[in-house]
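Order-wise, the sequence lines are chains G and S. Sequential numbering of the first sequence, starting at 1, is according to UniProt numbering. Sequential numbering of the second sequence, starting at 1, is according to UniProt numbering. Even for Gly, the Cβ is constructed at its ideal location relative to N, Cα and C. For clarity, every value in this text was computed on a predicted model and none was experimentally measured.
Protein chains: 2
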Amino acid sequence: MDEQRILLAHGNGGRFMRELVAEIFARHLANPLLDTEADAVPLPGVSGQLMLTTDGFTVQPLEFPGGNLGSLAVHGVVNDLAVAGAAPRYLTLSAIIEEGLEVAQLDRLIASFAQAAQACGAAVAAGDTKVVPRGQGGGLYLNVAGIGERQASAALGLKGIRSGDAVLVSGPVGDHGVAVLLAREQFGLSGELQSDSASVLPLAQAIWHLPGLKFMRDPTRGGLATVAHEIAQATGHSINLQQAAVPVRGEVQAVCEMLGYDPYYLACEGRIVAIVEAATAEQILTAWRALPDGQDAALIGRIEAGGGRVLLETELGGRRVLPELEDDPLPRIC
Amino acid sequence: MDEQRILLAHGNGGRFMRELVAEIFARHLANPLLDTEADAVPLPGVSGQLMLTTDGFTVQPLEFPGGNLGSLAVHGVVNDLAVAGAAPRYLTLSAIIEEGLEVAQLDRLIASFAQAAQACGAAVAAGDTKVVPRGQGGGLYLNVAGIGERQASAALGLKGIRSGDAVLVSGPVGDHGVAVLLAREQFGLSGELQSDSASVLPLAQAIWHLPGLKFMRDPTRGGLATVAHEIAQATGHSINLQQAAVPVRGEVQAVCEMLGYDPYYLACEGRIVAIVEAATAEQILTAWRALPDGQDAALIGRIEAGGGRVLLETELGGRRVLPELEDDPLPRIC
């Protein structure tokens, strides 16, 4: 396309929109299912149980160290399927584009979306684009629905969690939150830290068959502490986390201390928090540590009967309550 | 909720978000499938062919005579499935909410979404909410994916269209476009006109079984003329529309003349354009006219061999070319 920036006319159904869809979306996302002339496409049957999820992505800036909005959107949805025990099969993509977005940047983001989807084994089967006037969008928002096929042998969920279960995390927490924060020029900081944005499918697949696995979640918005609160509220039990055991990179810790954030509330986009029978914990950690993204996997706490609270046992032996998140520390983080 | 307007903290994964999801989204959209604690939900199997679509909705204003963003989002996706020959089964909803949106308005819009989904027989199986800072959204954007089950006996598509086929429309064109336009205070106009936003599922169902049915599309963005261009480009044939036969309400015509719009390019959100074998046209019109939303159904033109153009035969007997849409006459129309 000759145009360097997105115009309102790229959203009106006419020639510019047709060219935009053909030259960016269809070109990158092409696969035998995608048919930009069809209102709806037929899906090939799958033999297993279908699983469905959806997520919206609004991260700012659109590109950050270790990832971008395009790959993040795929990872976010694939990870929701993976922690529910499903392998991704089909994705939909609804893009809301702000007038004035650079066409070259849109092209990079959709190329990255396409690469991430292919790497996860998911075909983009349907899409839509809208253009909103300047000042009514944030550059680009992506909305993705994911259809997966259940692979886990047991149905995973909060209901099976019991006192004594172990809390595991597949890697350091807060990398995504701090990487995005550093990428925002407003903070005047810089660093080498990369977002952890990645598919957790290999990590999930490695432990799907283990009978002691009860529950997995990817700790995105609100981070580890917020997943812990969901578990505490749903089960009525308390989560006792051990500060010394929770992996946090030095750079994440340093930025948090400088700016007053708590790493336990910062988003991860490529980690799993798992609740497992205590007897299975070592087996799962071993499986995770054999994978490139699981080398820092750790047992970080236990489920304790009653209380419904999230507790942090500090390195000095004290205990403090991690409250439920109220104010938003970092809007547009995912 | 005590809060009168959406805060950034309603999007952060913490307490405010949990309350927002529970008190608005889960309350209105509740059904046995929806599980706000799950990352992905299992779908009950369907016996027929699964069909998939997605669409984003950005209409401005969020509420307009005859509809609102909530019902429009359901109708848009249901209609994409219906014209592809499928009955809707499951929907996903990804909402991007702008900081400052009135909670009461959000509640009305999601209630309307829920009512429309239920009326169409579709269950909302998965959802997500994000909040973007003031000035980075348009109040509310809704993104919906729809999973349907194919019911039409023949596979519908552009490939079967032949010279001599008839072009039908299920009702007057341009009502949605003009209703939304009138609802924008900037035009200083007012009127009684209502949007045609509605499910076309009854209209589609009434003709799914007819062997002469070749292709259906709902003429949304870019209107009737844009659907005609899609057909012309895909088939290489020309579409010859007869001005006197295309139903256009007097008020739509009057507003178009006043503001310089062409009703053939204005969005409809509850109409079907169908291409059918000429011999089946009367049967389809009879079936449509028996339905409340099909009383003004009309045969509006013919497919002519070659040329790949869209022609309008005027009431005076002349012919003019309807060019493909370039500039956007009405951004944020759907």
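Could you tell me the alpha carbon to alpha carbon distance between residue i and residue j, rounded to whole angstroms?
i              : j              : result
residue 7(G)   : residue 58(S)  : 16 Å
residue 156(G) : residue 106(G) : 37 Å
residue 27(G)  : residue 309(S) : 26 Å
residue 101(S) : residue 135(S) : 11 Å
residue 268(G) : residue 159(S) : 47 Å
residue 239(S) : residue 137(S) : 39 Å
residue 211(G) : residue 276(G) : 9 Å
residue 9(G)   : residue 186(S) : 20 Å
residue 88(G)  : residue 273(G) : 19 Å
residue 24(G)  : residue 44(G)  : 25 Å
residue 110(G) : residue 29(G)  : 8 Å
residue 254(G) : residue 126(G) : 43 Å
residue 104(G) : residue 222(G) : 32 Å
residue 326(S) : residue 15(G)  : 6 Å
residue 252(G) : residue 52(S)  : 41 Å
residue 320(G) : residue 249(G) : 21 Å
residue 168(G) : residue 304(G) : 15 Å
residue 31(G)  : residue 90(G)  : 11 Å
residue 139(S) : residue 122(G) : 32 Å
residue 234(S) : residue 227(S) : 11 Å
Looking only at its own chain, which residues have a Cβ that is under 7 Å from the Cβ of residue i, when we skip the five neighbours before and after it?
i              : result
residue 359(G) : For residue 359(G) there is no data in the structure shown, the boundaries of chain G being 1 and 334.
residue 190(S) : 182
residue 229(S) : 310, 324
residue 333(G) : 59, 177, 180, 221, 267
residue 236(S) : 306, 308
residue 342(G) : Look at the range of chain G in this structure, 1 to 334, and you will see that residue 342(G) is not part of it.
For residue i, collect the residues of the same chain with a Cβ closer than 8 Å to its Cβ; drop the 5 residues on either side in sequence, then sort them by chain order.
i              : result
residue 11(G)  : 17, 97, 129, 130, 131, 132
residue 2(S)   : Because residue 2(S) sits at a pLDDT of 49, beneath the cut-off of 50, its placement in the model cannot be relied upon, and the following sentence gives the value as read from the coordinates. Closer than 8 Å at Cβ, skipping near neighbours: no residue.
residue 54(S)  : 77, 143, 144, 145, 146
residue 245(S) : 298, 299, 300, 301
residue 35(S)  : 41
Of the residues the options, which one's Cα is nearest the Cα of residue i?
i              : options                        : result
residue 194(S) : 299(S), 29(S), 176(S), 263(S)  : 176(S)
residue 323(G) : 241(G), 225(G), 259(G)         : 225(G)
residue 287(G) : 15(G), 208(G), 244(G)          : 208(G)
residue 302(S) : 147(S), 250(S), 334(S), 232(S) : 232(S)
residue 120(S) : 148(S), 50(S), 49(S)           : 148(S)
residue 161(G) : 258(G), 250(G), 306(G)         : 306(G)
residue 50(S)  : 188(S), 152(S), 253(S), 109(S) : 152(S)
residue 315(S) : 22(S), 243(S), 124(S), 291(S)  : 243(S)
residue 317(G) : 214(G), 250(G), 241(G), 285(G) : 241(G)
residue 154(S) : 216(S), 139(S), 108(S)         : 216(S)
residue 291(G) : 312(G), 259(G), 206(G), 166(G) : 206(G)
residue 219(G) : 5(S), 13(S), 4(S)              : 13(S)
residue 62(S)  : 35(S), 113(S), 47(S)           : 113(S)
residue 86(G)  : 47(G), 5(G), 22(G)             : 47(G)
residue 33(G)  : 4(G), 92(G), 56(G), 328(G)     : 92(G)
residue 328(S) : 99(G), 65(G), 31(G), 4(G)      : 99(G)
residue 256(G) : 65(G), 330(G), 66(G), 234(G)   : 330(G)
residue 188(S) : 108(S), 259(S), 166(S)         : 259(S)
Whose C-beta lies closer than 6 Å to the C-beta of residue i among residues of the same chain, with five residues either side of it excluded?
i              : result
residue 116(S) : 71, 74
residue 170(G) : 203, 271, 272, 288, 294, 297
residue 405(G) : Residue numbering for chain G in the displayed model covers 1 to 334; residue 405(G) lies beyond these limits and cannot be assessed.
residue 20(S)  : 10
residue 164(G) : 278
residue 213(S) : 207, 276
Taking CB distances under 8 Å as the criterion, tell me whether residue i reaches chain C.
i              : result
residue 199(S) : Although the question refers to chain C, the structure presented lacks it and instead comprises the protein chains G and S.
* To do: Give a yes or no on contact between the region 280–289 of chain S and the region 181–192 of chain S, applying the rule of three or more CB pairs nearer than 8 Å.
  => no
* Asked: Can we say the region 133–148 of chain G touches the region 65–74 of chain S, given the rule of at least three CB pairs closer than 8 Å?
  -> no
* Decide yes or no for the touch test of the region 260–267 of chain S against the region 163–174 of chain S: beta carbon pairs closer than 8 Å, at least 3 of them. => yes
* Pair every Cβ in the region 79–95 of chain S with every Cβ in the region 25–44 of chain G, then say whether three or more of these pairs are closer than 8 Å. => yes
* Asked: Residues in the region 23–40 of chain G with C-beta within 8 Å of chain S's C-beta atoms, listed in sequence order?
  -> 37, 38, 39, 40
* **Under 8 Å (Cβ pairs) to chain G, residues found in the region 118–130 of chain S** => 125, 126, 127, 128, 129, 130
* **Cβ-based contacts, 7 Å cut-off: residues of the region 73–86 of chain S near chain G** => 80, 81, 83, 84, 86
* Mind checking the region 132–146 of chain S against chain G and listing, in chain order, the residues whose C-beta falls within less than 7 Å of any C-beta there? => 132, 133, 135, 136, 137, 138, 141, 143, 145
* Interface positions of the region 242–273 of chain G facing chain S (Cβ-Cβ less than 7 Å), listed along the chain -> none
* Output, in sequence order along the chain, the residues in the region 44–56 of chain G whose CB is closer than 7 Å to any CB in chain S. => 49, 50, 51, 52, 53, 54, 55, 56
* Asked: If you measure beta-carbon to beta-carbon, which residues of the region 3–18 of chain G are closer than 9 Å to chain S?
  -> 7, 8, 9, 10, 11, 12, 13, 14, 15, 16, 17, 18
* **Members of the region 306–334 of chain S that neighbour chain G once the beta carbon cut-off is set at 7 Å** => 324, 325, 326, 327, 328, 331, 332
* Asked: Any residues in the region 158–180 of chain G with a beta carbon nearer than 7 Å to a beta carbon of chain S? Which ones, in chain order?
  -> 158
* Chain-ordered residues of the region 93–117 of chain G with a beta carbon less than 9 Å from chain S -> 93, 94, 95, 96, 98, 99
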